[in-house]
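Mapped onto our numbering, the consecutive letters of the sequence shown carry residue numbers 152 to 212.
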Amino acid sequence: MPSAKEQITRILQDQPDDSSYDEILRELALARMIERGLTDSDAGRTISHEEMGRRIKTWRN
């Protein structure tokens with residue numbers, strides 16, 4: 152797995168030259184969220200689609 156610095160460098164290099172600061176921050180945040188999600192999945196820290204649906208319904212009340 153590449154280091155954090157290598158991942159950030161790759162993300163920055165993949166951005167268009169006219170990217171805004173906010174666009175770059177969004178890309179960095181998205182990459183981190185994906186990485187954390189995959190780590191959680193590998194560790195078995197997941198819930199079923201049905202359970203997620205039940206949880207979302209409680210937010211609406």
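Even for Gly, the Cβ is constructed at its ideal location relative to N, Cα and C.
Straight-line gap, residue 179 to residue 162 (C-alpha atoms, nearest Å): By one-based count along the sequence shown, residue 179 stands at place 28. By one-based count along the sequence shown, residue 162 stands at place 11. Distance between the alpha carbons of residue 179 and residue 162: 7 angstroms.
Coil, strand or helix - residue 165 by DSSP: The count along the sequence shown starts at 1 and reaches residue 165 at position 14. Of the three classes helix, strand and coil, the one that applies to residue 165 here is helix, per DSSP.
Under the three-state reduction of DSSP, which class applies to residue 209: helix, strand or coil? The residue given as residue 209 occupies position 58 in the sequence shown. DSSP places residue 209 in helix when its eight states are reduced to three.
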